[in-house]
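Here is the structure we will look at.
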Amino acid sequence: MLLRFDHDCLFDTDRRQLTRGAQELPLSPKAYELLSLLVDARPHAIAKDKLYRVLWPNTFVVQANLPNLIAEIRAVLGDSGHHPHIIRTLHRFGYAFACDTEIVRPAMPAGRKPLEYCLRGKSGDLPLRAGENLIGRDPDGQICLDAAGVSRRHARLVIEGRTVTIEDLASKNGTFVRGVRITASRSLLPGDDLSFGGAHLTLHVTSPDSSTTTL
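Read in order, the letters of the sequence shown correspond to residues 1334 to 1548 in the numbering used here.
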């Protein structure tokens, strides 16, 4: 996934690359991993204890390690610890990625129209847009599900060209693909059955050149 933030910063999760304009911004592997965690959780904050467990599993580290990584990220991005606009500090709790992001999609080849995706349920089709689709009970999300067991921000479904991925956003009851609970980002195929609490939907895709749904 390619994300743009702070006007001209690009965060390429596939290439593990961070750039501003034409310049690559160097980050240590741990600092890159920390930035990835904060970006994935945006706009929510992550507790320090959780960050220590993920970044240094089963390892005792001094408490200064995490602030040092935050300082490294801020220095590379030109962010200020006193007046941050990218990495926000929640005192006595943790950190959050506070900058607005935009998913950058590759240009569609000439003459090739994008596919149209939707989630199909008993009540009809729920159209999906290119880029990020938030799924949950939040009325401001792209897919609002009023069903038992659905969290406010339950999952994130991302469409990039002809690639569709889904990840759970630490929901209480989990996200299931074909009956299996996912614990990391997962690629989807047309016809995949998805469950969010008590909501059960199927991913469908239609070519603009045809009225036939591809299964």
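Idealized CB from N, CA, C, for every residue including glycine. Being a predicted model, the structure only gives us computed values, none of them experimental.
Of the candidates ASN1401, ASP1525, ILE1420 and HIS1340, ILE1420 places its Cα closest to the Cα of PHE1430. The beta carbons of LEU1478 and GLY1469 sit closer together than 8 Å. When secondary structure is reduced to three states using DSSP, ILE1403 falls in the helix class. As the crow flies, the alpha-carbon of ALA1517 is around 17 Å from that of ARG1386. At the C-beta level, ALA1378 and PHE1344 stay beyond 8 Å of one another. Just so you know, the alpha carbons of THR1392 and ALA1408 end up roughly 26 Å apart. Taking C-beta atoms under 8 Å as the contact rule, CYS1342 and ARG1349 fail to qualify, at a distance of about 15 Å.
Between ASP1526 and ILE1515, the C-beta spacing is not below 8 Å. One thing to note: ARG1375 has its Cβ no nearer than 8 Å to the Cβ of THR1422. The residues LYS1363, GLU1366 and LEU1367, in chain order, have a CB closer than 7 Å to that of LEU1388 in the same chain once the five nearest residues on each side in sequence are set aside.
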